[in-house]
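What follows is one structure encoded as structure tokens, with my remarks underneath.
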Amino acid sequence: MMPYERFTAWKACHELALAVYRATRSFPKEELFGLTSQMRRAAFSAAANIAEGSAKRGSAEPPSEAGTAPCG
């Protein structure tokens, strides 16, 4: 399995996250827990999801709702 750092998508998301962190440094301090936080979390989340997905690549998980769906 290829390390997630070698995926083009992860590299792009990582660069986006770094750019978002740089850009939001200049945002007003009153936005630190609002827009700034939301933008940073969203940008970081994309790269983190790719890394997590690459770790799970070999073991597919069924949807979490599969065991709870009503029958009949």
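In this text, residue positions in the sequence shown follow my numbering: the first is 353, and each later residue adds one.
Idealized CB from N, CA, C, for every residue including glycine.
These numbers come from a predicted model, not from an experiment.
Would you kindly check if the distance between the Cβ of residue j and the Cβ of residue i is under 8 Å?
| i | j | result |
| --- | --- | --- |
| residue 398 | residue 368 | yes |
| residue 373 | residue 406 | no |
| residue 362 | residue 394 | no |
| residue 376 | residue 358 | no |
What is the DSSP secondary structure of residue i, counted as helix, strand or coil?
| i | result |
| --- | --- |
| residue 392 | helix |
| residue 408 | coil |
| residue 387 | helix |
So residue i and residue j are supposed to be a Cβ contact under 8 Å. How far apart are they, rounded?
| i | j | result |
| --- | --- | --- |
| residue 388 | residue 379 | 5 Å |
Locate the alpha helix (DSSP H) running through residue i, then write down its first and last residues.
| i | result |
| --- | --- |
| residue 374 | 360–376 |
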